[in-house]
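Chains as they are written, first to last, in numbering that gives the first Met the number 0: chain F, 0 to 338; chain W, 0 to 338. Here a beta-carbon is modelled for each residue, glycine too, at the ideal position from N, C-alpha and C. First the structure, in the form of structure tokens, and then the observations on it.
There are 2 protein chains.
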Amino acid sequence: MRKARRVTSIDVAEAAGVSQSTVSRALSGCDTITEATRARVVEAARALDYRVNEHAARLRRGSTGTVAVIVIGRAGAAPGAINPFHYKLLGAVCAEASARGLDALVSFQCDPAQFYHDHIESGQADGIILIGTTVNEPAWAFHEPLLKRTNIASWASPFELNGEIRSDNSRAAHLATSRLMAAGHRAILFVGPTKGDQPQFGERYRGYVAAMEQAGLGHTAIEPPADADRGTQGRLAVEQLLAQDTPFDGLFFACDALALGGLDALSAAGRAVPEEVGVVGFDGVDSGQHSNPPLTTIEPDFAEAARQLVERALASDPPAFQTRVPVMLVERASVRQPR
Amino acid sequence: MRKARRVTSIDVAEAAGVSQSTVSRALSGCDTITEATRARVVEAARALDYRVNEHAARLRRGSTGTVAVIVIGRAGAAPGAINPFHYKLLGAVCAEASARGLDALVSFQCDPAQFYHDHIESGQADGIILIGTTVNEPAWAFHEPLLKRTNIASWASPFELNGEIRSDNSRAAHLATSRLMAAGHRAILFVGPTKGDQPQFGERYRGYVAAMEQAGLGHTAIEPPADADRGTQGRLAVEQLLAQDTPFDGLFFACDALALGGLDALSAAGRAVPEEVGVVGFDGVDSGQHSNPPLTTIEPDFAEAARQLVERALASDPPAFQTRVPVMLVERASVRQPR
DNA sequence: TTGAAAGCGCTAACAT
DNA sequence: ATGTTAGCGCTTTCAA
């Protein structure tokens with residue numbers, strides 16, 4: 000177990016009685032090699048407990064086999080405060096990377112001291128994937144120049160860009176409002192920021208408006224106060240709504256975190272969900288499984304999102320358009336059965 | 000923007016009119032260099048948009064500045080199914096790594112095809128951190144040999160080992176039962192596996208037993224059926240408990256996922272929490288914030304856990320003993336106020 | 001304080 | 001099919 004000199008391909012070559020380059024060939028699955036030679040090399044490598052040094056290999060090869068994943072959190076926040084949605088997406092991206100034989104170099108970036116995106120120039124990664132909260136302005140300001148380049152993919156940045164990958168928010172809004180209508184609701188409100196920090200919310204809002212108009216119904220948005228976490232925003236928005244006696248029997252929240260806070264407020268006010276009011280969220284976070292009641296929601300296809308993100312991070316030509324990731328309705332219990 | 004040849008330290012040297020090694024010195028903060036020279040070099044580097052190639056630097060230096068993080072998930076499971084607790088811990092570890100100027104190389108390993116832990120031998124990392132579910136036996140069997148070595152740290156492996164880092168489960172159990180007793184409960188049951196897959200659960204159980212005995216009270220464990228996810232296990236365990244009319248007014252669950260499932264069963268059966276029965280979980284997952292009612296729980300100090308994990312992964316001498324991470328009670332609403 | 005030179009361990013182009 | 005050779009871009013002696 001002691002600081003023995005690293006075993007190199009030269010050691011293996013000696014042991015196998017071949018040249019060093021043959022070792023390289025044998026181990027990298029080059030097909031111009033005799034099965035017998037390969038077997039000898041593999042055996043020698045095994046016996047010596049040899050592993051290819053990835054730095055040397057990548058330095059020489061000039062490619063990295065690595066994708067960098069940058070997760071942006073709220074400034075000053077602990078990593079535990081990161082939206083579970085982004086953790087799920089991170090997990091999907093790591094899985095996708097791994098399925099493609101890539102390494103994932105992950106960094107959580109919340110505060111300016113941590114901002115960094117030199118992975119490509121420094122040879123650490125072939126591509127960069129940016130995910131995380133849109134509300135950390137300094138972080139996005141720092142990374143923004145990146146987004147115009149190639150080998151970059153981002154999920155739901157605050158910017159409107161080619162190459163941007165997001166949920167199919169318009170279809171999602173239709174799904175949500177249709178579900179609410181199917182349950183017999185007509186006075187359906189949108190709860191969430193309709194513009195500003197999060198372009199996706201704007202898309203969801205416009206999708207909601209379109210769906211309502213298409214059904215010949217009126218539409219209203221409840222804007223939560225800024226400067227609070229999403230849960231608090233949702234609670235506050237519903238409390239405000241309750242106070243101003245606007246009639247409503249359906250609520251489409253811009254995201255699950257808002258919806259969960261809203262559910263708390265509804266329950267505190269004694270409004271029965273789903274009997275009196277139907278609620279649909281957006282994201283598919285785990286917390287919705289055990290909320291009161293469990294939250295019916297829309298979620299994107301995480302695997303597909305991850306696939307597209309990795310694909311684009313690896314692509315060497317600039318993306319031509321935004322991509323929309325398919326969404327699906329997750330039935331739980333905050334909307335009653337269709338009547 | 001075109002495939003221009005990489006800019007190297009030689010280019011910078013030429014531009015600054017110094018030797019290549021001086022560039023290296025200037026940029027790596029070596030103190031034997033004139034401030035004037037350094038300034039020239041830094042300026043030239045900036046002008047050329049030069050970044051040190053990390054592979055070359057690390058190959059030469061022989062160290063990596065990287066810690067590998069392996070997250071073990073349930074076999075066959077999507078990354079979205081990973082326990083949020085592990086995501087929180089992952090986030091904390093990434094933050095800690097970043098605070099120490101280390102890169103984090105993250106891999107999610109669920110199925111045998113993904114098993115891999117050669118990061119140290121292949122020069123990719125200086126240390127390895129293993130976290131994740133204990134129930135993936137093939138994964139832990141694969142990684143087990145690692146755990147006896149140096150430069151490895153694991154959170155709550157299924158094994159009893161030196162170097163193992165876990166919550167202070169015994170103190171946690173005392174905290175939980177004391178809180179329940181303070182609310183006036185006496186018939187407090189432990190719900191969860193008491194042995195088997197998860198040694199931490201055993202420790203929590205024994206801590207519970209000790210606390211109950213110390214208070215002169217009886218103790219009982221409700222073992223959930225095996226072969227279900229934690230949420231289902233919790234629900235099933237409580238349903239079974241309800242069916243067999245054992246009297247109880249307090250429940251200490253071995254983890255939040257179990258508790259959340261249990262809460263669902265309690266609510267379905269019309270048992271009021273916290274009025275009729277007090278409930279305490281363990282982990283501090285977000286879902287507990289919006290459950291019905293919000294779940295009072297115990298959580299470890301994630302930052303400290305991460306600190307210890309990274310510390311140990313970097314340590315070059317074998318660990319002498321297990322470490323216990325401090326825990327705290329998170330008051331929410333599933334236990335009534337002390338009377 | 002700086003430059004020259006060696007070499008980290010590997011892959012790939014070129015021979016044979 | 002395999003060996004020889006030349007670097008990948010850097011850090012670090014060693015000399016000056």
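{"Asked": "Under 9 angstroms from the C-beta of W:Q113: neighbouring residues of chain F", "Found": "A94, S97 and A98"}
{"Asked": "Reduced DSSP category for F:V279 - H, G, I as helix; E, B as strand; rest coil", "Found": "strand"}
{"Asked": "Nearest to W:E159 (by Cα), restricted to the options W:L328, W:R338, W:A332 and W:T322", "Found": "W:T322"}
{"Asked": "Nearest to W:P254 (by Cα), restricted to the options W:V190, W:A209 and W:E303", "Found": "Residue 254 of chain W is actually Cys in this sequence, not Pro. Of the listed residues, the one whose Cα sits closest to W:C254 is W:V190."}
{"Asked": "Segment contact, 8 angstroms Cβ cut-off, at least three pairs: the stretch 15–27 of chain W with the stretch 36–43 of chain W", "Found": "yes"}
{"Asked": "Chain W within 7 angstroms of F:D117, Cβ atoms only", "Found": "yes"}
{"Asked": "Alpha-carbon to alpha-carbon, F:P111 and W:R1", "Found": "Because W:R1 sits at a pLDDT of 33, beneath the cut-off of 50, its placement in the model cannot be relied upon, and the following sentence gives the value as read from the coordinates. The straight-line gap from Cα to Cα measures roughly 30 angstroms."}
{"Asked": "Per DSSP, the bridge partner or partners of F:W154", "Found": "F:I164"}
{"Asked": "Residue-level contact to chain F via CB, W:E53, 7 angstroms cutoff", "Found": "yes"}
{"Asked": "Residues bridged to F:H46 (per DSSP)", "Found": "Checking the sequence shown, residue 46 of chain F turns out to be Ala, not His. Paired residues: none, contrary to the question."}
{"Asked": "Distance between beta carbons of F:V324 and F:F167, contact taken as under 8 angstroms", "Found": "The identity of residue 167 of chain F in the sequence shown is Asp, whereas the question assumes Phe. 6 angstroms between Cβ atoms; contact."}
{"Asked": "Beta-ladder partner(s) of W:D102, from DSSP", "Found": "W:T65"}
{"Asked": "Whole-Å CB distance - W:I119 paired with W:H85, under 8 angstroms assumed", "Found": "W:I119 to W:H85, Cβ: 22 angstroms. No contact."}
{"Asked": "Cutoff 6 angstroms; reference F:L262; Cβ partners in own chain excluding five residues on either side", "Found": "S290"}
{"Asked": "Among F:E303, F:L328 and F:A332, nearest to F:R170 - alpha-carbon criterion", "Found": "F:L328"}
{"Asked": "Cutoff 7 angstroms; reference W:S18; Cβ partners in own chain excluding five residues on either side", "Found": "A12"}
{"Asked": "Through-space distance from F:T295 to W:G201, alpha-carbon basis", "Found": "36 angstroms"}
{"Asked": "Per DSSP, cross-strand counterpart(s) of W:E298", "Found": "W:M327"}
{"Asked": "Beta-carbon proximity list for F:G183, same chain, < 7 angstroms, skipping 5 on both sides", "Found": "R338"}
{"Asked": "Under 7 angstroms between C-beta atoms of F:V134 and F:D196", "Found": "yes"}
{"Asked": "Cβ neighbour criterion (16 or more within 10 Å) applied to F:Q336", "Found": "exposed"}
{"Asked": "7 angstroms CB neighbourhood of W:D282 in its chain, flanking five on each side removed", "Found": "F84, C254, D255, T296 and E298"}
{"Asked": "Contact with chain W by F:S8, beta-carbon distance below 7 angstroms", "Found": "no"}
{"Asked": "Cutoff 7 angstroms: F:A312 Cβ touching any chain W Cβ", "Found": "no"}
{"Asked": "Within chain W, partners of F:H289 - CB distance below 9 angstroms", "Found": "G230, L259, G260, L262, D263, S286, G287, H289, S290, N291 and L294"}
{"Asked": "Endpoints, beta strand (DSSP E) assigned at W:T339", "Found": "Lying before the first or after the last residue shown, residue 339 of chain W is absent from chain W, which here runs from 0 to 338."}
{"Asked": "Chain W contact residues for F:L104, given Cβ-Cβ distances below 9 angstroms", "Found": "T65, D102, A103, L104 and V105"}
{"Asked": "Cβ pair count under 8 angstroms reaching 3, the stretch 84–98 of chain F against the stretch 95–104 of chain W", "Found": "no"}
{"Asked": "Closest residue to F:S315 among F:T65, F:D125 and F:G75 (Cα-Cα distance)", "Found": "F:D125"}
{"Asked": "Cβ shell of F:I81 (< 6 angstroms), same chain only, five flanking positions each side left out", "Found": "G72"}
{"Asked": "W:Q307 at chain F interface by Cβ criterion, 7 angstroms", "Found": "no"}
{"Asked": "Residue-chain proximity (F:K87, chain W), Cβ-Cβ < 7 angstroms", "Found": "yes"}
{"Asked": "Which of helix, strand or coil DSSP assigns to F:F114", "Found": "coil"}
{"Asked": "Sub-7 angstroms separation of F:A172 and F:Y207 beta-carbons", "Found": "yes"}
{"Asked": "Assigned exposure category for W:G79 - 16 Cβ within 10 Å defines buried", "Found": "buried"}
{"Asked": "Closer than 7 angstroms to chain W by CB, F:V83", "Found": "One detail in the question is off: residue 83 of chain F reads as Pro in this sequence, not Val. For F:P83, the answer is yes, since a Cβ of chain W falls inside 7 angstroms of its Cβ."}
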